[in-house]
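In what follows, a single structure is set out as structure tokens and then discussed.
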Amino acid sequence: MSYERLSACPVCGKSEFRNKLVVEDKSVSKESFAIVQCESCGFQFTNPRPGPADIGRYYESDEYVSHNSGAQGVINQAYKVARFFTMRRKVALLNKKAPAKEKYWITAAAPVIFWRLASQMAGR
């Protein structure tokens, strides 16, 4: 397993982070991951994170809610609502914090819904 450690915030490019929390992947790997927060813009992200060659295995489960839009039940429905608002906030933050009005697009491990919502908000 290879991991990559980001030395700069993917949103603002600053390099000062603080540890926010540690979360466990309860559905697939059972590994724990550190979430850090950029001291400059407040963006939170996994750091270190699985490298490009390894990231796919975390999304292979049929139980992974983001890959199962038809999933029923209270937990899945609550997740869908939370995901909608979270993605809107991510797009707004990226557009607000991007230097020189550039638009950043997250390329690794972003759910398809992010791309759809980002495209809609960008008018594409």
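Quick note on my numbering: the sequence shown kicks off at -1 and runs consecutively. Built from N, CA and C at the ideal position, the CB exists for glycine as well. Keep in mind that this is a model prediction, so the values were computed, not measured.
Which residues in the same chain have their Cβ closer than 8 Å to the Cβ of residue i, if we skip the five residues on either side of it in sequence?
i	result
F41	C7, P8, V9, C10, Q35, L91, K95
R122	Confidence at R122 is low in this model, with a pLDDT of 49, below 50, so the placement of that residue should be treated as unreliable; the coordinate-derived value is given next. Nothing meets the Cβ criterion.
V20	S30, F31, A32, I33
Is residue i near the ligand ATP, with its Cβ less than 8 Å from a heavy atom?
i	result
S0	Ligands displayed in this structure: none; no statement on the ligand ATP is therefore possible.
Looking only at its chain, what residues have a beta carbon closer than 7 Å to the beta carbon of residue i, apart from the 5 residues adjacent to it on each side?
i	result
S27	Y56
N17	A32, V34
S59	S25, V26
Out of the options, state which residue places its alpha-carbon closest to the alpha-carbon of residue i.
i	options	result
E14	V21, S5, E22, S30	S5
P48	D23, K88, G71	D23
M(-1)	D52, V72, T84, A80	D52
So residue i and residue j are in contact, right, with Cβ under 8 Å, and what is the actual spacing, rounded?
i	j	result
P46	Y1	4 Å
Within a Cβ cutoff of 6 Å, which residues of the same chain sit near residue i, ignoring the five residues on either side of it in sequence?
i	result
E29	D23
Kindly identify the DSSP beta-bridge partner or partners of residue i.
i	result
E22	S30
R47	E2
F15	C36
Q42	Q35
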